[in-house]
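Student: Chains as they are written, first to last, in this note's numbering: chain A, 1 to 509; chain B, 1001 to 1355; chain C, 2001 to 2342.
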Amino acid sequence: MNQKILLTMKDISKSFPGVLALQHVQFTLRKGEIHALMGENGAGKSTLIKVLTGVYQLESGEIRMDGAARPIVNHSPQEAQANGISTVYQEVNLCPNLTVAENLFLGREPRRFGMIDWKTMNRKSEALLKSLEIPVAPAAMLEECSLAIQQMIAIARAVDMRCKVLILDEPTSSLDDDEVEKLFALMRKLKAEGVGILFVTHFLEQVYAVCDRITVLRNGGFVGEYETKDLPRVMLVAKMLGKDLDDLAEIKSAHSEHRFEEEKVPVISARQLGHRGTIKPFDLDIRKGEVVGLTGLLGSGRSEMVRVLYGADRPDCGKLMVRGRKAKISKPLDAMKLGMGYLPENRQRDGIIAELSVRENIIIALQAKRGMCRLMSRREMDEAADRYIDLLQIKTAGRETPVKSLSGGNQQKVIIGRWLLTHPDYLILDEPTRGIDIGTKTAIQKLVLSLADQGMAVTFISAEVEEMLRTCSRMLVLRDGRKVGELSGDELNQETVMQTIAGGGEDDG
Amino acid sequence: MAETKPSVWKKITSNRLFLPVVCLLVVLLINVIRTPAFFQISIRNGVLYGYIVDVVNRASELVILAVGMTLVTAASGGQDISVGAVMAVAAAVCCQILSGGKVTTSAFQNPLLLAIVAALAASALCGAFNGFLVARLKIQPMVATLILFTAGRGIAQLVTQGQITYVRVGTYQVIGGYIASCPIPTPIFIAIGTALLVYLVLNKTALGLSIESVGINGSASRLVGLNSTMIQFLTYVLCGLLAGVAGIVASSRIYSADANNIGLNLEMDAILAVALGGNFLGGGKFSLMGSVIGAFTIQALTTTLYAMNVSGDQLPVYKAIAVVIIVTLQSPVFQEFLKARKVRRRRTAEGGSCG
Amino acid sequence: MKQRRKEKRTFNGNTFLLVITIGLFLAMYIAGMVVFSDKGFGKPQMFLNLLISNAGLIVIGCGLTIVMVTGGIDISVGSVIALVCMVMADLMENKGVSPYAAVLAALLIGLAFGVVQGFLISYLNIQPFIVTLAGMFFGRGLTAVVSKEMISIKNGLFQSWAKCRIYMPFGSYSNKGKFHPAYIYPTVVIALVVLILIIVMMKYSKFGRQLYAIGGNQQSALMMGLNVKRTKFLAYVLDGFLAGLGSFLFCLNSLAGFVEQAKGFEMDAISASVIGGTLLTGGVGTPIGTFFGALIKGTISSLITTQGTLSSWWVRIALSVLLCFFIVLQSVFAAMKRKKHS
């Protein structure tokens, strides 16, 4: 299938202070092709797109379009648009308070005698929507439309602006099956008209349903470009997570497992707990001294599952039992009082309290648990802070340094210290080692094991399967917002895990 | 590279109270230059006299307001512009109860304690109203408090039935005057006492830390078990309550409730005091001491302007300019601009060696 | 995943709010006609008086709607009125300037406020509330700097402008059967012309639609290629100009300048806008809604004046209660919308 090449990105590199976001990455898009761009967090997908659309300036390499003589450089999204590259983001960058027609033509409304010609605008919109088979009236308010329709309208706007390359950045994350199908129908239509579509997603099923080619990035580097039909799912997962299928070498440090097996009552017992829109009802038991891992690709629902357990999101259904007693958890404080702790995935947004000191960040959870009136004495606070600074080897100028001036890894240690101080029975760690240096990573993994030895129940979430295999005694596999498997004992090896994550016996083995 | 121990100078200048103190000193200096007798204190009729005494005395209401405003700013990143009007409400309730509904009275028609408690309850209720709108309905603080800013004085007028109610009773005037034979004006004690009390509550309980946490990062605070909504609500109630205290003090000075003039324009002063105290108007970490220093600075500034023959009506011009300057300096855009200039300067200084 | 049931709802929350506003106005006015029919509430002149007394409010309300649609606010308008009236009075009475030049001064003052505030808000990204709060104190203080005492305008030409009646073809009959034609002043004509121009601008001009886009989702507007900073800046400039113009109309009514003038007027203007359906969060609002909001304010005023015994403070209180009610209503609607989409 020799389609004409529409876009080539060759040898693209981009770095930020201290981070090499992209190194010698390439990407080729052909006319009338739907091309998936895949990779885990930090792989460089969004950086590549931002370079292409002019949000960032590339440092080396070149971008060529449509066989043009000279490479193009986009300095702004507007310039990219003028070059025929349009992007539709997950958050649908449209204005909810305007009509569909207005959103389609904002900034380039048809005019008559200097005034906006609404009739013509509505007429043109109707024609455009019909041609793309989007079932919505031009005069409808955008906020009244479902998210899927809104995305299609965003695409219609891009199409009407004569885009040659259409970038869809995670368009299906909030859509249900029907809506996804509608979106795919539109995409196929555009493909037939010769538009090149760059489809960024983490949903495996969708990649195999609609994409012709797949490019995989990992850690800022280019892994490969493949034809979808030639790449089995398991191989795709392996390439994304960085493991060769043949390499099954395991490091499982010897630690006394099954020490607490006599405990009949699980610490946490969830039955059909779920939250509409984020995680389907699930069952989960966690026992004392167990390290249960949640794995799956980004967006599979791992964080959502633990948020529901912790009360950060109120569960819609199901029940939860803590140490055998029925528990009503509607907010984090309830969970904390029952002995739970939660290290959130997004350290910057939900974890650190930036301007407060290391000491204050460490003691804050325990203080909140104790209540407003029982203030910890200064000495208590100092001792606690020093204890965890020492235990976790937190590199800081002092207790009173604002936590925002610490490095990412040390900030993470502060948050771990915060929860350890509350002596939880059940600790949830959501991506505790993301963006952290190797030395600290190993230290945290060792810490998790020693905590389990002392009887703590732990849930460990990570996209790095190898790390989880080293620490977990049991693993739950999630995909697309639901639990799809539970592995333990012999099943805990790379191959089985990969296969469970990839799933789908229908397409490829 | 070994870290050099910061010099004493560096330690002083990086202290968050440095700028507020400098501002205060500058204003006091200007005052002294204009009025050499500025710092002179004498005792006449058993009572302290002097320019500086006057400044400290008159700053009392402002100090009390600034404390409340600081908390509201820290927890919600917005300001409560109804404090002046709430002062008027509290004053009206207090005097009306004391006078038993009459326009003027020379004896308490009802117990003083009842009047004060009722006035504080009314002002706390105003604060609760504001707090509900901001914390629960998530309306922007300045919009929400705009309602009482306009309606408050009307309510006060209604309470006093359109008149200025006079309470010509010696005991009442003590609040704004002098206790027995003490030479120091009572408002100073009330101001210091209130500030100290709030300080104790903030620092002997987890409230101070919680307010800062909520103001800095609401979602992280929630995840560690803090009730952001309740904390924000509380700060507004407290702010209203403190405005009530200030209102009673102000009314006692003139032994009446003048709904139109009590607390007039003080909200601006309170916001200025908080800003001058080094507190970021967008919320987060705060310093009560800074706001108190800021309050004294504003009062001294007012005195300076009066001495330059600026009338009370014209004062707001200068204060408005001051607010704009301070907020500009605090704005992220300006900070970015300064940072970029510093980087550029350093680059040229280093000879532009970097590729 | 389960199929989501799609509810077909043609119910638009925003038109609903406008309907409530118009309905409220009609209800109040008719109630007034019924209760106070003996005091002349039913006469056409009563309605025209509404327009006469609130011509300034209508114009300034339009300006405020413009900035509120972008998600901002302007609480300095009351002070601008005071300043403009004082300056006009001072120029005409003390400096012998012609009324034409005085009007020019009015517009320039309004523009100056708009430019400075617009710059601080749009380019320096400072919160509109703080900037316009400072503007409010600045304006009022400056009024006192111009003059501490009230200045009455005795300028002949200006007075003739103020008193010039335009008679209507309809009217009412007095008890003796004499026909009294209804009349309006030129201020009403100016206000209505401005209203129509702003209505056309908001609906049919690129600038107008950009205001809505920015208010709806500023980030999206930016990504769709709109020059957000410049549009916001121009919105405040226009608002300032209208404040100046509205102040001129106000001055024709009051024929004086004094320090306390139009105290709390910003509240009237904001209330008119919010009651007229403008969302505090931006993106929604129409000049016609503000027009009815202004009429509601005027009706409340008339009702209380006609009643005679209640103090004028009740107008402010009633308006604040209405404002509070509409703010809470908007908040409830917003929460309902959020739930619907989650």
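Every residue, glycine too, gets a C-beta built ideally from N, C-alpha and C. Given the structure is predicted, the values throughout are model-derived calculations rather than measurements.
Look up A/Asp316 in the DSSP assignment and say whether it is helix, strand or coil.
Tutor: Coil.
Student: Can you look up B/Gln1161 in the DSSP assignment and give me helix, strand or coil?
Tutor: coil
Student: Mind checking B/Lys1319: buried by the 16 CB within 10 Å criterion, or exposed?
Tutor: buried
Student: Which complete alpha helix (DSSP H) runs does the stretch 2216-2290 of chain C hold, if anything under 4 residues is left out?
Tutor: 2218-2223, 2228-2254 and 2265-2275
Student: If we ignore side chains and look at the alpha-carbon of each, how far apart do A/Gln81 and A/Arg213 end up?
Tutor: 24 Å
Student: Name, going along the chain, the residues of the stretch 2252-2269 of chain C whose beta-carbon falls closer than 8 Å to a beta-carbon of chain B.
Tutor: Val2259, Gly2264 and Met2267
Student: Once DSSP output is grouped into helix, strand and coil, what is the label at B/Asp1080?
Tutor: B/Asp1080 falls in the coil class under three-state DSSP.
Student: Less than 6 Å between C-beta atoms, sequence neighbours within five positions excluded: which residues of the same chain meet that for A/Lys10?
Tutor: Gln26, Gly61 and Glu62
Student: Taking a contact to mean a Cβ-Cβ separation below 8 Å, would you say A/Tyr310 touches A/Ile444 in this structure?
Tutor: no
Student: Cβ of C/Asn2125 less than 8 Å from any chain B Cβ?
Tutor: For C/Asn2125, at least one C-beta of chain B is nearer than 8 Å to its own C-beta.
Student: Can you name the residues that DSSP bridges to B/Gln1323?
Tutor: Note that residue 1323 of chain B is Val in the sequence shown here, rather than Gln. Looking at the DSSP assignment, B/Val1323 forms no beta bridge with any residue, so it has no partner.
Student: Taking 8 Å as the cut-off, does the stretch 461-479 of chain A touch the stretch 181-194 of chain A (at least 3 CB pairs, one atom from each stretch)?
Tutor: no
Student: On the three-pair Cβ rule with 8 Å, is the stretch 1293-1312 of chain B touching the stretch 1019-1034 of chain B?
Tutor: yes
Student: Per DSSP, A/Gly321 forms a beta bridge with which residues?
Tutor: According to the sequence as given, residue 321 of chain A is Met; it is not Gly. Residue pairing by DSSP places A/Met321 opposite A/Ser269 and A/Lys326 in a beta bridge.
Student: Would the beta-carbon of C/Tyr2212 fall within 8 Å of that of C/Gly2114?
Tutor: no
Student: Note down, in chain order, every chain C residue with its Cβ under 9 Å from the Cβ of A/Ile116.
Tutor: Within 9 Å Cβ-Cβ: Lys2203, Tyr2204, Ser2205, Lys2206, Gly2208 and Arg2209.
Student: What are the partner residues of A/Arg111, as DSSP defines its beta bridges?
Tutor: A/Ile116
Student: I need the DSSP call for A/Tyr426, collapsed to helix, strand or coil.
Tutor: strand
Student: Short of 7 Å in beta carbon distance, which residues of its chain neighbour A/Thr201, apart from the five on each side in sequence? Order them along the chain.
Tutor: Ala36, Glu170, Thr172 and Val207
Student: So, under 8 Å CB-CB, B/Thr1235 and B/Leu1071 are touching, yes? Tell me the CB distance rounded to an integer number of Å.
Tutor: With a Cβ gap of about 4 Å, B/Thr1235 and B/Leu1071 count as contacting.
Student: Apart from the five residues on each side of it in sequence, which residues of its chain come closer than 7 Å, Cβ to Cβ, to A/Asp316?
Tutor: Gly274, His275 and Arg276
Student: Do B/Pro1332 and C/Asn2125 have their C-beta atoms closer together than 8 Å?
Tutor: yes
Student: Can you list, in chain order, the residues of its chain with a C-beta nearer than 7 Å to that of A/Leu128? Leave out the 5 residues immediately preceding and following it.
Tutor: Leu104, Ala156 and Asp160
Student: If you scan the stretch 2092-2119 of chain C from start to end, which runs of the alpha helix (DSSP H) of 4 or more residues do you find wholly inside it?
Tutor: 2099-2118
Student: Shortest alpha-carbon distance to C/Phe2090 belongs to which of C/Ile2121, C/Lys2043, C/Lys2148 and C/Arg2140?
Tutor: In the sequence under discussion, the amino acid at residue 2090 of chain C is Asp, which differs from the Phe named in the question. Answer by Cα proximity: C/Lys2148.
Student: Helix, strand or coil for B/Ala1121, going by three-state DSSP, please let me know.
Tutor: helix
Student: Straight-line CA distance for A/Leu366 to A/Met381?
Tutor: Each residue's Cα considered, the two are about 10 Å apart.
Student: In the stretch 1212-1231 of chain B, which residues sit with their C-beta less than 8 Å from some C-beta in chain A, listed in chain order?
Tutor: Glu1212, Ser1213, Ile1216, Asn1217, Ser1219, Ala1220, Ser1221, Arg1222, Leu1223, Val1224, Gly1225, Leu1226 and Asn1227
Student: Does the beta carbon of C/Asn2217 come closer than 8 Å to any beta carbon on chain A?
Tutor: yes
Student: Please look up how many angstroms separate the CB atoms of A/Leu168 and A/Phe203, rounded, as I've assumed it's under 8 Å.
Tutor: The pair is not a contact, with the Cβ atoms about 12 Å apart (cut-off 8 Å).
Student: Inspect the beta-carbon positions of C/Met2068 and C/Thr2309 and report whether they are closer than 8 Å.
Tutor: No, these two residues do not count as a Cβ contact at 8 Å.
Student: Assign C/Gly2285 to buried or exposed, taking buried as 16 or more other Cβ atoms, counted over all protein chains shown, within 10 Å of its Cβ.
Tutor: buried
Student: Would you report the Cα separation of A/Lys182 and A/Gln150, rounded to the nearest angstrom?
Tutor: Distance between the alpha carbons of A/Lys182 and A/Gln150: 12 Å.
Student: Check the Cβ-Cβ distances between A/Gln78 and every residue of chain C, and say whether any is below 8 Å.
Tutor: With 8 Å as the cut-off, A/Gln78 counts as an interface residue toward chain C.
Student: For the stretch 141-204 of chain A, list the alpha helix (DSSP H) runs that are entirely contained and at least 4 residues long, ordered along the chain.
Tutor: 147-160 and 177-192
Student: Could you work out which residues of chain B lie near C/Ser2331, taking near to mean beta carbons separated by less than 7 Å?
Tutor: Leu1137 and Ile1139
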